[in-house]
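Q: My questions will all concern the structure given below.
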Amino acid sequence: MAMLIKGDEIDRLVARYCAMTGETNKSAAVRNALAAQIDALSGKERLVDRVAKIQRRAAGAGFVSTGEDLKPFFDEQWGEG
2 MAMLIKGDEI
12 DRLVARYCAM
22 TGETNKSAAV
32 RNALAAQIDA
42 LSGKERLVDR
52 VAKIQRRAAG
62 AGFVSTGEDL
72 KPFFDEQWGE
82 G
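The sequence shown begins at 2 in my numbering and counts up by one.
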């Protein structure tokens, strides 16, 4: 299915991309930019996975969360309490 994308800002962005990459075909420029962005996002570790990894390391080190609200403690440490 074909797409028609209109807008001065889109034209400026594509022109800038073409100037930076040497691409002369606007459709190829959009295709390449989207493919590169998808590749970059696909390789990025999700926040939930990063947090789980940190939690596993903490548990392995013997840290056990008590569920206690630590905000007052940290406020005091920063001189804000």
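Cβ atoms here follow ideal geometry from the backbone N, Cα and C, with glycine treated the same way.
Please name the residue in G23, A20, E10 and R32 whose C-alpha comes closest to that of M4.
A: Locating residue 4 in the sequence shown gives position 3, counting from the first residue. Answer by Cα proximity: R32.
Q: Hey, V15 and K7 are a contact pair by Cβ (cut 8 Å); roughly how many whole angstroms apart?
A: As a first step, residue 15 must be located in the sequence shown, where it is residue number 14. As a first step, residue 7 must be located in the sequence shown, where it is residue number 6. Contact doesn't hold; Cβ gap of about 12 Å is too wide.
Q: Are there 16 or more other CB atoms within 10 angstroms of the CB of A30, so buried, or fewer, so exposed?
A: If you number the sequence shown from 1, residue 30 lands on position 29. Under this definition A30 is a buried residue.
Q: Do you know how far the Cα of D76 is from the Cα of Q38?
A: As a first step, residue 38 must be located in the sequence shown, where it is residue number 37. As a first step, residue 76 must be located in the sequence shown, where it is residue number 75. Q38 and D76: Cα-Cα distance of roughly 39 Å.
Q: With H, G and I counted as helix, E and B as strand and the rest as coil, what does DSSP make of T67?
A: As a first step, residue 67 is located in the sequence shown; it is residue number 66 there, counting from the start. Coil at T67, not helix or strand.
Q: Mind reading off the beta-carbon distance from Y18 to E10? Whole number of angstroms is fine, and I expect it under 8 Å.
A: As a first step, residue 18 must be located in the sequence shown, where it is residue number 17. As a first step, residue 10 must be located in the sequence shown, where it is residue number 9. Contact doesn't hold; Cβ gap of about 13 Å is too wide.
Q: Does T25 come out as helix, strand or coil in the three-state DSSP assignment?
A: Here residue 25 refers to the residue found at position 24 of the sequence shown. Of the three classes helix, strand and coil, the one that applies to T25 here is coil, per DSSP.
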